[in-house]
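Novice: In this note's numbering, the protein residues as written are 1098 to 1570.
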Ligand code: 5AD
Ligand code: SF4
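#1: I need the boundaries of the alpha helix (DSSP H) containing residue 1490, first residue and last residue.
#2: Per DSSP, residue 1302 forms a beta bridge with which residues?
#3: So, using beta-carbon positions, are residue 1460 and residue 1317 closer together than 8 Å?
#4: Got a sec? Which residues, its chain only, sit under 7 Å from residue 1330 by beta carbon, not counting five neighbours each side?
#5: Enumerate in chain order the residues of its own chain whose CB-to-CB distance from residue 1246 is below 6 Å, with the five nearest sequence positions on each side excluded.
#6: Following the continuous alpha helix (DSSP H) through residue 1401, name the residue where it begins and the one where it ends.
#7: Please determine, among 1148, 1123, 1168, the residue with the shortest C-alpha to C-alpha distance to residue 1154.
#8: In angstroms, rounded to a whole number, what distance separates the CA positions of residue 1419 and residue 1388?
#9: Excluding five sequence neighbours on each side, which residues of the same chain lie with their C-beta closer than 6 Å to the C-beta of residue 1558?
#10: Could you give the distance in angstroms between the alpha-carbon of residue 1422 and the alpha-carbon of residue 1376?
#11: DSSP on residue 1139, reduced to helix/strand/coil?
#12: Under 7 Å Cβ to Cβ from residue 1400, same chain only, skipping five residues before and after it: list those, please.
#13: Can you confirm whether the segment 1233-1244 touches the segment 1492-1504 when touching is taken to mean that 3 or more C-beta pairs between the two stretches lie within less than 8 Å?
#14: Just checking my contact of residue 1548 with residue 1312 at CB under 8 Å: how many whole Å lie between their CB atoms?
#15: Let me confirm a value: residue 1065 is counted as buried when at least 16 other C-beta atoms fall within 10 Å, else exposed. Which label applies?
#16: Who are the near neighbours of residue 1508 in its chain, counting only those whose CB is closer than 6 Å to its CB and skipping five residues on each side?
#17: Distance, Cα to Cα, residue 1545 vs residue 1270?
#18: Tell me which residue opens and which closes the alpha helix (DSSP H) that residue 1354 is part of.
#19: With residue 1391 as the anchor, note down where its beta strand (DSSP E) starts and where it stops.
#20: Can you name the residues that DSSP bridges to residue 1458?
#21: Would you tell me roughly how many angstroms separate the C-alpha atoms of residue 1514 and residue 1532, rounded to the nearest one?
#22: Would you check if the distance between the CB atom of residue 1379 and the CB atom of residue 1351 is smaller than 8 Å?
#23: Quick check on residue 1145: buried or exposed, where buried means 16 or more other Cβ atoms within 10 Å of its Cβ?
#24: Could you work out which residue in 1194, 1523, 1288, 1467 is closest to residue 1395 when comparing CA atoms only?
#25: For the alpha helix (DSSP H) containing residue 1209, name the first residue and the last one.
#26: What are the partner residues of residue 1129, as DSSP defines its beta bridges?
#27: Rounded C-beta distance between residue 1452 and residue 1411? I'm assuming under 8 Å.
#28: So does residue 1280 have its beta carbon nearer than 7 Å to some heavy atom of the ligand SF4?
#29: Per DSSP, what kind of secondary structure is residue 1464 in: helix, strand or coil?
#30: Does residue 1081 pass the burial test, meaning 16 or more other C-beta atoms within 10 Å, or should it be called exposed?
#31: On the premise that residue 1127 lies in contact with residue 1178, defined as a C-beta separation below 8 Å, what is that separation, rounded to the nearest angstrom?
#32: Taking the alpha carbon of residue 1438 as the reference point, which residue from 1212, 1260, 1485, 1205 has its own alpha carbon closest?
#33: Which class does residue 1425 belong to by DSSP, given the choice of helix, strand or coil?
#34: Go through its chain and collect everything with a Cβ distance to residue 1181's Cβ below 8 Å, but skip five positions before and after it.
#35: Give the DSSP-derived three-state secondary structure of residue 1146 in the structure shown.
#36: Just verifying my parser: in three-state terms, what is the DSSP assignment at residue 1296?
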């Protein structure tokens, strides 16, 4: 069967469930952990569920179907899942709800074994390669009243045309590739998401055009390794449907900038080793591509980077940053950093601090190294004691926060272009939006500004957000 027929078959299951659900006014709750790719997957699960006649509800206790989309990049996600499962047990007992768990963590055998053993009330378990098959699994659970486990370890394919219910009407995520071939030694992703595979350029362009036609202003292109889009296909001569000469990430970016209506383009997460000159050129030549670039560093020590299998040195990272700063006016950078990787010495950690000082990041996502079963780093002998990891984390945090405070000062009295996203969560009188550099800005304004890009003068800074006044609409 080809993927189109597979998806068609799932649409038939959606119809079958819709019939079962008719007139019942059923509700679902979805809890998503992890990255933007997972959030995008959850939007697809929501799309399927809404077509089946379920409507979304925030209170899990009221849900007829409670769905979990899991992440396993760090250990705290596991604690969160098993904590939540206690809560779900009650929901199951009191309401007889259907409980389903999917996503990355389900690709780990020790986790599914634990669920089957200790949380036998879970009705459906599915993995990252079988998300598209959720309607069939759910149908079988409903009709046969039998637990469903649908996890495969083979290479997942690309499935187009899965229904989707997006969280926002202004900003949308578009997954352009799946999986990862890099095998950074700390990372579980290549084991749970499989090898890199890219969507056809034609399907991506069609999706972005449809988003533009529905009024979306900003899109974020997603991939575990977004800038190696179509790399495997090119290198291994794997056939893909040719479209407008697109055979690389840079060409895809350029084509997307031509789509009328889309005013902002972002992408996450690129790998520094694949940040080629054509991508830098594409960013600098289009005002639509946001100038905040996420460039994961992970460590500032060349020795640790080697152990991590990152394939660049401290110097190469800094050279890349310099080149980008030169060629991309108004460039800002964000990054990911792991502290306490096995064997990290005080000197190695100082190297990380040194890079943070030199680059002056707009935002730093900081993580304490977390051992992941099955990864090479988990087997390394020189693991760092928890106490040292935490102390280093706190030192890094202090440096990062003082950098952000300083950076924020630079915004005061400047005019920023803001994409207005909606009412502020903390105050209904205020609106919230983001700068090109993805900083949250809160300001007073009329609701009809929502969805527009307007000019706002920044008047004060508050660490994680800025306050402004509308200067021109
Ligand atoms: N421990 C801590 N952080 C990790 N990340 C990935 N794997 C681990 C791990 N085992 C971080 C990396 C990555 C981000 C998404 O999560 O910084 O870029
Ligand atoms: Fe994990 Fe490295 Fe792949 Fe990113 S590039 S998903 S950190 S293995």
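Every residue, glycine too, gets a C-beta built ideally from N, C-alpha and C. The model shown is predicted, which means the values in this text are computed figures rather than measured ones.
Specialist: Reading off the structure:
#1: Translated into the one-based positions of the chain shown, residue 1490 becomes position 393. That run of the alpha helix (DSSP H) goes 1483-1508.
#2: Walking along the chain shown from the start, residue 1302 turns up at place 205. Bridge partners of residue 1302: none, in fact.
#3: As a first step, residue 1460 must be located in the chain shown, where it is residue number 363. As a first step, residue 1317 must be located in the chain shown, where it is residue number 220. In this structure, residue 1317 does not lie closer than 8 Å to residue 1460 by Cβ.
#4: Along the chain shown, one-based indexing puts residue 1330 at 233. 1295, 1337.
#5: Locating residue 1246 in the chain shown gives position 149, counting from the first residue. Correct list, in chain order: 1222.
#6: If you number the chain shown from 1, residue 1401 lands on position 304. Start and end: 1399-1405.
#7: As a first step, residue 1154 is located in the chain shown; it is residue number 57 there, counting from the start. That would be 1123, whose Cα lies nearest to the Cα of residue 1154.
#8: Reading the chain shown from its first residue, position 322 is the one you call residue 1419. Reading the chain shown from its first residue, position 291 is the one you call residue 1388. When rounded, the distance between both Cα atoms is 14 Å.
#9: Locating residue 1558 in the chain shown gives position 461, counting from the first residue. Cβ neighbours of residue 1558 beyond the five flanking positions: 1505.
#10: On the chain shown, position 325 is the one that residue 1422 refers to. On the chain shown, position 279 is the one that residue 1376 refers to. A straight line joining the alpha-carbon of residue 1422 with that of residue 1376 spans about 13 Å.
#11: The residue labelled residue 1139 in the question sits at position 42 within the chain shown. The three-state reading of DSSP puts residue 1139 in helix, counting H, G and I together.
#12: Numbered from 1 along the chain shown, position 303 holds the residue referred to as residue 1400. Counting only Cβ-Cβ distances below 7 Å, and skipping sequence neighbours, we find 1445.
#13: The segment 1492-1504 vs the segment 1233-1244: no contact.
#14: Taking the first residue of the chain shown as 1, we reach residue 1548 at position 451. Taking the first residue of the chain shown as 1, we reach residue 1312 at position 215. Your pair residue 1548 and residue 1312 checks out as a contact, with CB atoms roughly 7 Å apart and the cut at 8 Å.
#15: One cannot answer for residue 1065 here, as it falls past the ends of the chain, which runs 1098 to 1570.
#16: Counted from its first residue, the chain shown places residue 1508 at position 411. These residues qualify, in order along the chain: 1555, 1563.
#17: In the chain shown, the residue the question calls residue 1545 occupies position 448. In the chain shown, the residue the question calls residue 1270 occupies position 173. Cα to Cα, residue 1545 sits roughly 24 Å from residue 1270.
#18: Taking the first residue of the chain shown as position 1, residue 1354 is located at position 257. First-last of the alpha helix (DSSP H) with residue 1354: 1346-1354.
#19: Working through the chain shown from its first residue, we reach residue 1391 at position 294. Start and end: 1389-1391.
#20: If you number the chain shown from 1, residue 1458 lands on position 361. Residue 1458 pairs with nothing; no bridge assigned.
#21: Your numbering for residue 1514 matches position 417 in the chain shown. Your numbering for residue 1532 matches position 435 in the chain shown. C-alpha separation (whole angstroms): 6 Å.
#22: Numbered from 1 along the chain shown, position 282 holds the residue referred to as residue 1379. Numbered from 1 along the chain shown, position 254 holds the residue referred to as residue 1351. Yes, the Cβ-Cβ distance between residue 1379 and residue 1351 is below 8 Å.
#23: Residue mapping note: residue 1145 aligns to position 48 of the chain shown, counting from 1. Answer is buried; the Cβ neighbour count reaches 16.
#24: Taking the chain shown and counting its residues from 1, the one referred to as residue 1395 is at position 298. Comparing Cα-Cα distances from residue 1395 to each of 1194, 1523, 1288, 1467, the minimum goes to 1467.
#25: For the purposes of this step, residue 1209 is taken as residue 112 along the chain shown, with counting starting at 1. Element bounds for residue 1209: 1206-1215.
#26: In the chain shown, counting from the first residue as 1, residue 1129 sits at position 32. Bridge partners of residue 1129: 1166.
#27: Against the chain shown, residue 1452 aligns to sequence position 355. Against the chain shown, residue 1411 aligns to sequence position 314. The distance from the Cβ of residue 1452 to that of residue 1411 is about 6 Å, consistent with a contact at the 8 Å cut-off.
#28: The residue labelled residue 1280 in the question sits at position 183 within the chain shown. When distances are taken from the beta-carbon of residue 1280 to the heavy atoms of the ligand SF4, the shortest one is below 7 Å.
#29: The residue given as residue 1464 occupies position 367 in the chain shown. Residue 1464: strand per DSSP, three-state reduction.
#30: Absent from the structure is residue 1081, since the part of the chain shown begins at 1098 and ends at 1570.
#31: In the chain shown, the residue the question calls residue 1178 occupies position 81. In the chain shown, the residue the question calls residue 1127 occupies position 30. Not a contact, Cβ separation roughly 14 Å.
#32: Against the chain shown, residue 1438 aligns to sequence position 341. Considering only alpha carbons, the answer is 1485.
#33: Mapped onto the chain shown, residue 1425 falls at position 328. If DSSP states are grouped into helix, strand and coil, residue 1425 belongs with coil.
#34: As a first step, residue 1181 must be located in the chain shown, where it is residue number 84. Sequence-distant partners of residue 1181 (beyond 5 residues in either direction) whose C-beta falls short of 8 Å from its own C-beta, in its chain, are 1128, 1165.
#35: By one-based count along the chain shown, residue 1146 stands at place 49. In this structure, residue 1146 counts as helix in the three-state DSSP scheme.
#36: In the chain shown, the residue the question calls residue 1296 occupies position 199. In this structure, residue 1296 counts as coil in the three-state DSSP scheme.
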